[in-house]
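Working notes, structure below.
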Amino acid sequence: MKLWQTTAFALASTVSMHSLATDFSFDRPGSGFGTSITPVGQLAWEQSLPSVSYSKEGTADGYEKTTKIQMDMLFRTGLTNSMELQLGWQGPAWTQIRRAGQRINDNGLGDVSVGIKKAIDLQDDQMTMAVLGKVSFATGNQGFRENQDTYTLGSTVAYQQNELLNTSMTMFYEMQDGRWSWTAIPTLNYKIAGNWSGFSQFVYRKQESQHEQTSLATGLVYNLNNRTQFDASFGVGLSGDVPDYSGGFGVSYLF
1025 MKLWQTTAFA LASTVSMHSL ATDFSFDRPG SGFGTSITPV GQLAWEQSLP
1075 SVSYSKEGTA DGYEKTTKIQ MDMLFRTGLT NSMELQLGWQ GPAWTQIRRA
1125 GQRINDNGLG DVSVGIKKAI DLQDDQMTMA VLGKVSFATG NQGFRENQDT
1175 YTLGSTVAYQ QNELLNTSMT MFYEMQDGRW SWTAIPTLNY KIAGNWSGFS
1225 QFVYRKQESQ HEQTSLATGL VYNLNNRTQF DASFGVGLSG DVPDYSGGFG
1275 VSYLF
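In my numbering, the protein residues as written are 1025 to 1279.
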């Protein structure tokens, strides 16, 4: 191959990869997932630094207060232009339970998960869609894992209203030990100024034979460049009569 042909091919490949990186977006933060696919041959690392949750529940001996700190992470890599592989890990976690004047501290490792996300071409410049199939394996330590493996099917439909506002709806259907649950997550993503943007979402979850769960969350996102993102978020539970809060920081990088 002639030198000019080799040079042209390399430049075209570089431009193509740059375009894909520009169009790419991370799934952090929030409880849903985006419609973007990681470019083939690249790896996205999405890391919490960490996430924190707090709940207060009444018992016969008074109130039980639980604080949990967790450093979950997600790795994404493109298999094709419209499909990616996801590897997740709930990571190391620490809990403290305060009850009847006593403090119980514990730590351990969370579950791992494997998923495939597929972008669906809707032939629309403003509307995008992706589906996600995932299995979470109950491999974590006692107290930091689910009772059984969880099978999840999710979908997200996003609509770009204008340059400043994007709306989306994520749906999850989960099965664990023969019991079903479903979750609906409407989300607003909006530009603020410069590299700053934000999100707000409502989460509704209903599990078989259990009371419904609802929560609100909001957060800020700072894009340092096309490959690096920082985020901070805060959420509050709305169901029940006990305080339930969550929040944290995160960083994401596209290799």
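Where a beta carbon is used, it is the ideal one built from N, C-alpha and C, also for glycine.
List the whole-angstrom C-beta distance separating residue i from residue j, where the pair is believed to meet the contact cut-off of C-beta under 8 Å.
| i | j | result |
| --- | --- | --- |
| F1258 | V1275 | 17 Å between Cβ atoms; not a contact. |
| Q1225 | S1055 | 7 Å |
| L1133 | P1116 | 6 Å |
| V1155 | G1102 | The pair is not a contact, with the Cβ atoms about 16 Å apart (cut-off 8 Å). |
| S1221 | V1245 | 5 Å |
| T1180 | T1194 | 4 Å |
Check for me: the beta strand (DSSP E) holding residue i runs from which residue to which?
| i | result |
| --- | --- |
| D1255 | T1252 to G1261 |
| D1130 | Q1126 to L1133 |
| A1117 | P1116 to R1123 |
Helix, strand or coil: how does DSSP classify residue i here?
| i | result |
| --- | --- |
| D1268 | strand |
Looking at residue j and residue i, is the spacing between their C-beta atoms short of 8 Å?
| i | j | result |
| --- | --- | --- |
| S1160 | D1201 | no |
| I1140 | G1157 | yes |
| T1211 | F1196 | no |
| F1223 | L1073 | no |
| V1266 | G1086 | no |
| M1151 | I1144 | no |
| L1189 | Y1214 | yes |
| G1243 | P1053 | yes |
Hey, could you find the ends of the alpha helix (DSSP H) residue i is sitting in?
| i | result |
| --- | --- |
| D1145 | D1145 -> no alpha helix (DSSP H), and no H or E assigned at all. |
| D1173 | Neither: D1173 is in no alpha helix (DSSP H) and is coded neither H nor E. |
| request: At 3 residues or longer, and completely inside the segment 1051-1111: list those beta strand (DSSP E) runs for me, N to C. | output: As for any beta strand (DSSP E) of minimum length 3 sitting wholly inside the segment 1051-1111, the runs are 1067-1083, 1086-1094 and 1097-1104, ordered along the chain.
Note to self: My parser needs the alpha helix (DSSP H) runs of 4 or more residues fully inside the segment 1188-1244; what are they?
What the structure shows: The DSSP assignment places no complete alpha helix (DSSP H) segment of no fewer than 4 residues inside the segment 1188-1244.
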